[in-house]
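Visitor: Numbering (our numbering), first residue to last: 992 to 1162.
Think of the CB as a built atom: it goes at the ideal place given N, C-alpha and C, for glycine as much as any other residue.
All values reported here derive from a predicted model rather than from experimental measurement.
Below are the structure tokens for one structure; questions will follow.
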Amino acid sequence: MTSVNVETEHIQGSIDSPITLIEYGDYECPYTGMAYPIVKEIMKRFKNKIYFEFRNFPLNDIHPHAQHAAEAAEAAAAQDKFWQMHDYLFEHQKALDDSHLLQYAKKVRLDLNRFKKEMTGHVYAPLIEKSLKSGIDHGVEGTPTFFVNGKHYEDSWDLEPFSDFLSTINP
């Protein structure tokens, strides 16, 4: 996996944790949406033993709002509110059009003038493209795709099998 740039990556936990979990996800993808609460629970179960990174991988051909949702998350990140927006987007996954994105920006208390300007100017599109390219370079074809300690995790991401697998890394 590529090295982490803490300025542009979306991370939780310590980079020195024994477990590194990277997810390539799409805010409009129903499967990524199903994985969202599982990842939240994994983070609770493994607390200080896991490092989690979310990377945008919008499947624009099949999810018409995925790109703008990813841009909204990046705009929120620029205002130190990535995880709040990330959660809001997944919790309201069926309503990701621009008017709803603006409502979510209000809910997470973003500077709305800045948010609107950055969204209109597609300021974060190159950053999302870089994340997309990183995923493609690592063989990502769909979402969600997980990497555990640098290796593509292809088994079930249902809570118990995923948790059991992670426990073998860090008993």
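Applying the 10 Å Cβ sphere with the 16-neighbour rule, what's the burial state of E1145?
Guide: For the purposes of this step, residue 1145 is taken as residue 154 along the sequence shown, with counting starting at 1. So E1145 counts as exposed.
Visitor: What residue range is occupied by the uninterrupted alpha helix (DSSP H) comprising I1127?
Guide: On the sequence shown, position 136 is the one that residue 1127 refers to. A1116 to D1128 is the extent of the alpha helix (DSSP H) around I1127.
Visitor: From what residue to what residue does the beta strand (DSSP E) around Y1144 run?
Guide: The residue labelled residue 1144 in the question sits at position 153 within the sequence shown. Counting along the chain, the beta strand (DSSP E) containing Y1144 begins and ends at K1142 to Y1144.
Visitor: Are the beta-carbon atoms of Y1022 and T1134 separated by less than 8 Å?
Guide: Position 31 of the sequence shown, counted from the first residue, corresponds to residue 1022. Position 143 of the sequence shown, counted from the first residue, corresponds to residue 1134. For Y1022 and T1134, yes; Cβs fall inside 8 Å.
Visitor: Consult DSSP for G1004 and reduce its assignment to one of helix, strand or coil.
Guide: Working through the sequence shown from its first residue, we reach residue 1004 at position 13. In this structure, G1004 counts as coil in the three-state DSSP scheme.
Visitor: CB-CB under 8 Å to P1070, same chain, minus the five flanking residues each way: which ones, in chain order?
Guide: As a first step, residue 1070 is located in the sequence shown; it is residue number 79 there, counting from the start. One detail in the question is off: residue 1070 reads as Gln in this sequence, not Pro. Here the set comprises L1101, D1102, R1105 and F1106.
Visitor: For R1046, I'd like the list of residues in its chain whose CB is within less than 6 Å of its CB, leaving aside the five on either flank, ordered along the chain.
Guide: In the sequence shown, the residue the question calls residue 1046 occupies position 55. These residues qualify, in order along the chain: Y1015 and S1122.
Visitor: In terms of residues, what are the limits of the alpha helix (DSSP H) holding R1036?
Guide: For the purposes of this step, residue 1036 is taken as the residue at position 45 of the sequence shown. Segment P1021 to F1037, the alpha helix (DSSP H) holding R1036.
Visitor: Rounded to whole angstroms, what's the CA-CA distance from Q1058 to H1077? Just pull it up for me.
Guide: Here residue 1058 refers to the residue found at position 67 when the sequence shown is read from its first residue. Here residue 1077 refers to the residue found at position 86 when the sequence shown is read from its first residue. So the alpha carbons of these two residues sit roughly 13 Å apart.
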